[in-house]
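For reference, the structure discussed in these notes is given below.
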Amino acid sequence: MRKNLNVIAAYSIMMVLILMVGIFQSWNIALSIFNLCLISAVMTMGANIQWGYAGLINFGIMGYTALGGLAAVLISVDPVQEAWRAGGFDILMSLWLIVVMVLVIRFVLKRFEKSKIRTYSIAAIIISGILLIRFSSEPGIEAIEAVDPAKTGFLGGFGLPIIFSWIVGALFAGGLAFIVGKVALGLRADYLAIATLLISEIVIAIIKHEDWLTRGVKNVIGLKRPAPYEVDLQTTDWFIKLVEKFNAGKLSVIENLADRQAALNQLVIEGSSVFVKLCYSGLFLVVVIILLILTQKALYSPWGRMMRAIRDNEEAANAMGKNVVKQHLLIFILGSAIVGIAGAMLVTQDGLFTPGSYRPMRYTFLIWVMVIVGGSGNNFGAILGGFVVWFLWIEAAPISLFLINFFTAGIPETNALKAHLIESVPYFRFLLMGLGLLFIMRYRPKGILPEKIEIK
Amino acid sequence: MDFVNAIILLLNYIFIPALTYGSQLALGAIFVTLIYGILRFANFATGDMMSFGTMATILFTWYFQSLGVSLGVLPTALLAIPFGIIFMILYMLLIDKFVFKYYRHQKSPPVQFAMVSIGVMFVTQAVVRIIIGPSDRRFFDGEKFIIKAREFKEMTGLNEGLALKSTQVITIFVTIVLVSLLFWFLNRTKTGKSMKAYSDNEDLALLSGIDPKKIVLVTWVIAGILATIGGALYGLDKSFKPFTYFNNMLPIFAAAIVGGIGNPFGAFLGGYVIAFSEILLTYAYKKFFMYILPESMEPNSLVQLLSTDYKFAVSFSILVIVLIYRPSGIFKGKVL
Numbered sequence: 243m244r245k246n247l248n249v250i251a252a253y254s255i256m257m258v259l260i261l262m263v264g265i266f267q268s269w270n271i272a273l274s275i276f277n278l279c280l281i282s283a284v285m286t287m288g289a290n291i292q293w294g295y296a297g298l299i300n301f302g303i304m305g306y307t308a309l310g311g312l313a314a315v316l317i318s319v320d321p322v323q324e325a326w327r328a329g330g331f332d333i334l335m336s337l338w339l340i341v342v343m344v345l346v347i348r349f350v351l352k353r354f355e356k357s358k359i360r361t362y363s364i365a366a367i368i369i370s371g372i373l374l375i376r377f378s379s380e381p382g383i384e385a386i387e388a389v390d391p392a393k394t395g396f397l398g399g400f401g402l403p404i405i406f407s408w409i410v411g412a413l414f415a416g417g418l419a420f421i422v423g424k425v426a427l428g429l430r431a432d433y434l435a436i437a438t439l440l441i442s443e444i445v446i447a448i449i450k451h452e453d454w455l456t457r458g459v460k461n462v463i464g465l466k467r468p469a470p471y472e473v474d475l476q477t478t479d480w481f482i483k484l485v486e487k488f489n490a491g492k493l494s495v496i497e498n499l500a501d502r503q504a505a506l507n508q509l510v511i512e513g514s515s516v517f518v519k520l521c522y523s524g525l526f527l528v529v530v531i532i533l534l535i536l537t538q539k540a541l542y543s544p545w546g547r548m549m550r551a552i553r554d555n556e557e558a559a560n561a562m563g564k565n566v567v568k569q570h571l572l573i574f575i576l577g578s579a580i581v582g583i584a585g586a587m588l589v590t591q592d593g594l595f596t597p598g599s600y601r602p603m604r605y606t607f608l609i610w611v612m613v614i615v616g617g618s619g620n621n622f623g624a625i626l627g628g629f630v631v632w633f634l635w636i637e638a639a640p641i642s643l644f645l646i647n648f649f650t651a652g653i654p655e656t657n658a659l660k661a662h663l664i665e666s667v668p669y670f671r672f673l674l675m676g677l678g679l680l681f682i683m684r685y686r687p688k689g690i691l692p693e694k695i696e697i698k
Numbered sequence: 009m010d011f012v013n014a015i016i017l018l019l020n021y022i023f024i025p026a027l028t029y030g031s032q033l034a035l036g037a038i039f040v041t042l043i044y045g046i047l048r049f050a051n052f053a054t055g056d057m058m059s060f061g062t063m064a065t066i067l068f069t070w071y072f073q074s075l076g077v078s079l080g081v082l083p084t085a086l087l088a089i090p091f092g093i094i095f096m097i098l099y100m101l102l103i104d105k106f107v108f109k110y111y112r113h114q115k116s117p118p119v120q121f122a123m124v125s126i127g128v129m130f131v132t133q134a135v136v137r138i139i140i141g142p143s144d145r146r147f148f149d150g151e152k153f154i155i156k157a158r159e160f161k162e163m164t165g166l167n168e169g170l171a172l173k174s175t176q177v178i179t180i181f182v183t184i185v186l187v188s189l190l191f192w193f194l195n196r197t198k199t200g201k202s203m204k205a206y207s208d209n210e211d212l213a214l215l216s217g218i219d220p221k222k223i224v225l226v227t228w229v230i231a232g233i234l235a236t237i238g239g240a241l242y243g244l245d246k247s248f249k250p251f252t253y254f255n256n257m258l259p260i261f262a263a264a265i266v267g268g269i270g271n272p273f274g275a276f277l278g279g280y281v282i283a284f285s286e287i288l289l290t291y292a293y294k295k296f297f298m299y300i301l302p303e304s305m306e307p308n309s310l311v312q313l314l315s316t317d318y319k320f321a322v323s324f325s326i327l328v329i330v331l332i333y334r335p336s337g338i339f340k341g342k343v344l
């Protein structure tokens, strides 16, 4: 108990902060912050596995998040029959061509010895394959995108419950991580960072512009939900009774029957959105707890010890017979898969998929700030980082507005400088994040909750 | 005649734009490469530092415009650039003093430097947005075109027009002058040579009495000049928007690595490699083939290898391929 005191204290403070938002702002805001904190926590756990356990730097978090989101779309949206009839065959043909291309390359790689000719012929196969696929798939893609472009214009998905996409998102992200890892993991740390960052940009470019698959920047809206809809709740008897029971004290003060009914209606509308958010919180909390248990078990298992050994001294671990390359690839896949789950969760909560909103600032660098601030190598630290940083990210604007008003209290409202500062309040969050990161790196380089390895 | 038309078409839509864009990338890439070679880290704040320099230039441009000072046909910004450079250098030295210096003395690994530079990136982004706002700004004034497409057609009687913007000429001219000066400095002066020595082998350089403080100072000064001029030229040619500058960091990194990171000349050429491949691969060649092929063989489709949406993806793919097969870059930079 004693040695975990700082963990408990840090988490209690965080919870109190969120409760304070609930009391002073509104429960709706508090819960949406809490939900996104949970999603951020999943992302940081993924990044923490790669960076904290194995020392691998992955600046491609954005790409895996987007792939998770794509999984949510492909799983939950109903298939667009007409689009399949129009161009499904061409798309399947192209997929088949890709498979053939990969097999041919594998065959060349296996059959012939490494030489210049082999490299050039593989390049030639890839280029001609891409050209062939591009020209053969064009009519199909055009046909699909022409099917009712205002509403669909894409192939749709499988029409399954969206919750399955959390697993499929992990598979997608893991699959991409396998390819990226095979290609890039041999690079030195800062090159790996740049390479993963650029690869994630390529992934986003593809998701944005392959409209037949993702609708691109036209966005997919109105995804199915695992939680009830507010509108349905507002007309459900048990829910209205529940709200009445909860607010019995408040309602009984109102004498007038009509007024009381109006007040109850208002409470039901507010309560319904809180209730929906609570459902999401429950689901997300389950994911976070499962992942936390698994990652903690992994950290203290022989495998976790091996990963730390590889991280701290790659050559020694290699000399001890540990397969460094294989383990690096494995952990790269695992971490990315967890990020993929978070991506699917995010789209599930929002109910929409907007490829244009994936930007490296928000989905890569912010997550890294979370990992560094929270404490890399420590799962509790990573989760805490997700909470603290997301909380500040959202609350930075009100806080800085308050501070500006406080320090410029004597200056009249019409002062140009003050007006300008108040106008640019949204950008103070960047300043806060940057300064926070710099201070933590300078004065507490191991994060708020540093890595602590107990030998059990 | 058709052949001349085809050449003019390529000049107008591929060669000149790519040369301009490449020059802008090249300046940024040399900036990245110098920081990497001498201070030994990948600077993720590159794009935002460039936007800071451009912001300072814009503010001075506005000031001069309000005073009524102008350069006639040339943009006022050219007059403001030196002042922008001073501000940029001061900002960089300030950051170096409060942030990077500590880690340099600690001899931190490059990864830690990269993380710190992300902190700097956040802060710089905030500073730029708080001072000038996130919106799109144009600060070009003076004569816009040197040759207008219509005038060119009338002059030569060709079907294809050749438009030459003054910003394009300024960009290419300034880049050539600046880069020649830089290479003269690096290869011919004592300070430049000591910088090279420091980059090659730090310990040996220190032993032979090179002052590291001076090297770091000179590096930031050169970096400030490159960042401000590169950013201002890009802003003059297109427009200034903090978010675009942040995004430009990626092709700039690509250029620096393709050219061999740590090698300024490689970075210079890398900028053009990236710019030309981006534009060559995403240009629709239909009109070009219409000119050079007989009528019976004219293509029906656009003859475009990749849609323009994949412009960025092209340069990143080149980078990834280079990283995998030739990690030291096309022109041998630091070996990994």
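Chains as they are written, first to last, in our numbering: chain A, 243 to 698; chain B, 9 to 344. Ideal Cβ placement from N, Cα and C applies to all residues, glycine included. Nothing here was measured: the structure is a model prediction, and the numbers come from that model.
> Apart from the five residues just before and just after Gly-329 (chain A), which ones in its own chain have a Cβ nearer than 6 Å to its Cβ?
Replying inline: If we look at Gly-329 (chain A) and ignore the five residues flanking it on each side, its Cβ neighbours are Gly-382, Ala-385, Ile-386.
> Just by C-beta distance, which residues in the stretch 302-322 of chain B are closer than 9 Å to chain A?
Replying inline: For the stretch 302-322 of chain B, which is checked against every Cβ of chain A, the residues closer than 9 Å are Ser-309, Leu-313, Leu-314, Ser-315, Asp-317, Tyr-318, Lys-319, Phe-320, Ala-321.
>> Using C-beta distances below 6 Å, list every residue in its chain close to Ile-140 (chain B), excluding the 5 sequence neighbours before and after it, in chain order.
In response: Leaving aside the five residues that flank Ile-140 (chain B) on each side, the residues in its chain whose CB is nearer than 6 Å to its CB run, in chain order, Met-63.
> Are the CB atoms of Phe-339 (chain B) and Leu-277 (chain B) nearer to each other than 8 Å?
Replying inline: With contacts defined by Cβ atoms closer than 8 Å, Phe-339 (chain B) and Leu-277 (chain B) form a contacting pair.
>> Just to confirm before moving on: does the CB-CB distance between Val-322 (chain A) and Val-389 (chain A) stay below 8 Å?
In response: In this structure, Val-389 (chain A) lies closer than 8 Å to Val-322 (chain A) by Cβ.
>> Whole angstroms are fine: how far does the CA of Ile-271 (chain A) sit from the CA of Arg-671 (chain A)?
In response: When the Cα atoms are used, Arg-671 (chain A) and Ile-271 (chain A) turn out to be separated by approximately 18 Å.
>> With a threshold of 8 Å between beta carbons, is Ala-289 (chain A) in contact with chain B?
In response: Closer than 8 Å: no.
> With C-beta atoms as the reference, is Met-9 (chain B) less than 8 Å away from Gly-36 (chain B)?
Replying inline: Going by C-beta atoms, Met-9 (chain B) is not nearer than 8 Å to Gly-36 (chain B).
> Roughly how many whole angstroms lie between the Cα atoms of Val-425 (chain A) and Leu-571 (chain A)?
Replying inline: Whole-angstrom Cα-Cα distance: 10 Å.
> Using a C-beta to C-beta distance shorter than 9 Å, which residues of chain A count as neighbours of Val-281 (chain B)?
Replying inline: Within chain A, no C-beta atom comes nearer than 9 Å to that of Val-281 (chain B); the closest sits roughly 15 Å away.
>> Taking the beta strand (DSSP E) that Ile-155 (chain B) belongs to, which residues open and close that run?
In response: Where Ile-155 (chain B) is concerned, the enclosing beta strand (DSSP E) starts and stops at 153-155.
>> Going by DSSP in three states, Gln-370 (chain B) sits in which element: helix, strand or coil?
In response: With chain B running from 9 to 344 in the structure shown, residue 370 (chain B) is simply not present.
> What does a CB cutoff of less than 7 Å around Tyr-522 (chain A) pick up in its chain, not counting 5 residues either side in sequence?
Replying inline: If we look at Tyr-522 (chain A) and ignore the five residues flanking it on each side, its Cβ neighbours are Asn-277, Ala-469, Gln-591.
>> Looking at chain B, is there any beta carbon in it that lies within less than 8 Å of the beta carbon of Val-410 (chain A)?
In response: Nearest CB-CB separation between Val-410 (chain A) and chain B: not below the 8 Å threshold.
>> Give the list of continuous alpha helix (DSSP H) stretches no shorter than 4 residues that lie fully inside the stretch 574-647 of chain A.
In response: Unbroken alpha helix (DSSP H) stretches of 4 residues or longer found wholly inside the stretch 574-647 of chain A: 608-616, given in chain order.
> Using DSSP with H/G/I as helix, E/B as strand and the rest coil, what is Leu-339 (chain A)?
Replying inline: Correct three-state label for Leu-339 (chain A): helix.
>> With a threshold of 6 Å on Cβ separation, who are the neighbours of Pro-692 (chain A) within its own chain once the five nearest residues in sequence on each side are excluded?
In response: Within the same chain, Pro-692 (chain A) has close Cβ partners Gly-617.
>> Can you confirm whether Ile-265 (chain B), when its beta carbon is compared against all beta carbons of chain A, has any partner nearer than 8 Å?
In response: Interface residue, yes.
>> Run through chain B and tell me which residues come within less than 7 Å of Ala-431 (chain A), C-beta to C-beta.
In response: Chain B residues near Ala-431 (chain A): Pro-118, Val-119.
> Near Thr-65 (chain B), which residues of its chain fall below 7 Å by C-beta distance, leaving aside the five closest residues on each side in sequence?
Replying inline: Only residues of its own chain outside the window of five on either side were considered, and among them Ala-85, Ala-88, Ile-89, Gly-92, Thr-236, Ala-240 have a CB closer than 7 Å to the CB of Thr-65 (chain B), listed in chain order.
> Using CA coordinates, which residue listed in A:Gly-524, A:Tyr-669, A:Leu-659 is at the minimum distance from Ser-143 (chain B)?
Replying inline: Closest by C-alpha distance to Ser-143 (chain B), out of A:Gly-524, A:Tyr-669, A:Leu-659, is A:Tyr-669.
> Do the stretch 23-35 of chain B and the stretch 303-310 of chain B meet, that is, are 3 or more Cβ pairs less than 8 Å apart?
Replying inline: No: the two stretches stay apart, fewer than three of their Cβ pairs being nearer than 8 Å.
> Rounded to the nearest angstrom, how far is the Cβ of Ile-184 (chain B) from that of Leu-172 (chain B), given a contact under 8 Å?
Replying inline: Not a contact, Cβ separation roughly 16 Å.
> What's the C-alpha gap between Asn-461 (chain A) and Glu-443 (chain A)?
Replying inline: For Asn-461 (chain A) and Glu-443 (chain A), the distance between alpha carbons rounds to 18 Å.
> At a cut-off of 7 Å, is Leu-465 (chain A) close to the ligand ZN when judged by its beta-carbon and the heavy atoms of the ligand?
Replying inline: Of the ligands one can find in the structure shown there are none, so the ligand ZN has no counterpart to examine.
> Quick one: which chain B residues come within Cβ less than 8 Å of Val-425 (chain A)?
Replying inline: Taking a Cβ-Cβ threshold of 8 Å, the residues of chain B close to Val-425 (chain A) are Val-328, Ile-332, in chain order.
>> Starting from Leu-659 (chain A), trace the alpha helix (DSSP H) in both directions and tell me its first and last residue.
In response: Start and end: 658-665.
>> Cβ closer than 7 Å: which chain B residues qualify as neighbours of Met-675 (chain A)?
In response: Residues of chain B passing the Cβ test: Phe-130.
> Taking Cβ to Cβ, would you say Val-284 (chain A) is nearer than 8 Å to Val-529 (chain A)?
Replying inline: Yes, Cβ-Cβ distance for Val-284 (chain A) and Val-529 (chain A) is below 8 Å.
> By how many angstroms is the C-alpha of Gly-652 (chain A) removed from the C-alpha of Leu-327 (chain B)?
Replying inline: Each residue's alpha carbon lies about 54 Å from the other.
> Where does Leu-465 (chain A) fall in DSSP's three states?
Replying inline: Of the three classes helix, strand and coil, the one that applies to Leu-465 (chain A) here is coil, per DSSP.
> Quick one: does Phe-672 (chain A) have its CB under 8 Å from some CB of chain B?
Replying inline: Yes, Phe-672 (chain A) lies at the interface with chain B (some Cβ there is under 8 Å from its Cβ).
> Got a sec? Which residues, its chain only, sit under 7 Å from Leu-170 (chain B) by beta carbon, not counting five neighbours each side?
Replying inline: Counting only Cβ-Cβ distances below 7 Å, and skipping sequence neighbours, we find Ile-16, Leu-19, Asn-20, Ile-155, Ala-157, Phe-160.
> Of all the options A:Ser-370, A:Leu-674, A:Ala-661, which has the alpha carbon lying nearest to the alpha carbon of Val-611 (chain A)?
Replying inline: When only C-alpha atoms are compared, the closest one is A:Leu-674.
>> As a quick exercise: from B:Lys-115, B:Asp-56, B:Pro-83, pick the residue whose alpha carbon is nearest that of Asp-149 (chain B).
In response: When each option's Cα is compared against that of Asp-149 (chain B), the closest is B:Pro-83.
> Opposite Phe-248 (chain B) in the DSSP bridges: which residues?
Replying inline: Answer is B:Arg-145, bridged to Phe-248 (chain B).
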